[in-house]
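Notes to accompany the following structure.
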Amino acid sequence: SPTAIFAQVFDDVVSGVAPELVSGKFHQTLVAMFADACLHLCKLHGLNRVVCSGGVFQNVFLLENLEDRLEASGLEVYTPQLIPANDGCISLGQAIIGAASIDE
13 SPTAIFAQVF DDVVSGVAPE LVSGKFHQTL VAMFADACLH LCKLHGLNRV VCSGGVFQNV
73 FLLENLEDRL EASGLEVYTP QLIPANDGCI SLGQAIIGAA SIDE
């Protein structure tokens with residue numbers, strides 16, 4: 013849970029754990045959570061593709077590690093190539109979903 017993650021970060025910082033180790037544990041935990049969520053949802057809905065977009069994926073560590081985990085699990089991973097991975101990309105995605113719902 014997010015509360016447990018931040019409690020662990022707090023405990024590590026208070027205990028004097030090196031900042032780079034605190035950061036590494038935090039980011040690895042996020043990767044594991046994102047991967048677990050993607051795998052669960054793909055299995056639940058019979059999907060084999062994941063799109064990673066949004067500002068969080070400007071963090072190369074998160075993007076590359078999540079992509080590696082998902083691909084190792086047999087999922088296809090897509091990332092923005094021609095548009096920014098932040099709000100501009102989200103707006104485009106919203107427009108596509110909106111257009112698709114109009115067509116229905």
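Numbering of the sequence shown is given in my numbering, commencing with residue 13 and proceeding in unit increments.
Heads up, the beta-carbon is just placed ideally off N, CA and C, and yes, glycines get one too.
Since this is a predicted model, take the numbers as computed values, not measurements.
Between which residues of its own chain and residue i is the CB-CB distance below 7 Å, once the five residues before and five after are set aside?
{"i": "glutamate 83", "result": "Val89"}
{"i": "alanine 47", "result": "Leu78, Arg81, Leu82"}
Locate the alpha helix (DSSP H) running through residue i, then write down its first and last residues.
{"i": "valine 62", "result": "Segment 61-63 is the beta strand (DSSP E) holding valine 62; no alpha helix (DSSP H) there."}
{"i": "asparagine 77", "result": "72-84"}
{"i": "proline 31", "result": "31-57"}
For the beta strand (DSSP E) holding residue i, just list the boundary residues, first then last.
{"i": "valine 89", "result": "88-90"}
Around the C-beta of residue i, are 16 or more other C-beta atoms found within 10 angstroms, so that it is buried, or is it exposed?
{"i": "isoleucine 97", "result": "The amino acid at residue 97 is misidentified as isoleucine; the sequence shows alanine. Alanine 97 is buried by the Cβ-count criterion."}
{"i": "phenylalanine 18", "result": "exposed"}
Give the C-beta separation of residue i and residue j to the nearest angstrom, bearing in mind that I take them to be a contact with Cβ-Cβ under 8 Å.
{"i": "serine 85", "j": "leucine 56", "result": "Between leucine 56 and serine 85 the Cβ distance is about 14 Å, and since that is not below 8 Å, they are no contact."}
{"i": "serine 65", "j": "proline 31", "result": "At roughly 29 Å, the Cβ-Cβ gap does not stay under 8 Å, so serine 65 and proline 31 are not in contact."}
{"i": "leucine 87", "j": "leucine 42", "result": "Contact flag wrong, Cβ pair sits at about 18 Å."}
Quick one: what's got a C-beta closer than 8 Å to residue i's C-beta in the same chain, skipping five residues either side?
{"i": "cysteine 101", "result": "Ser65, Gly66, Pro92, Ile95"}
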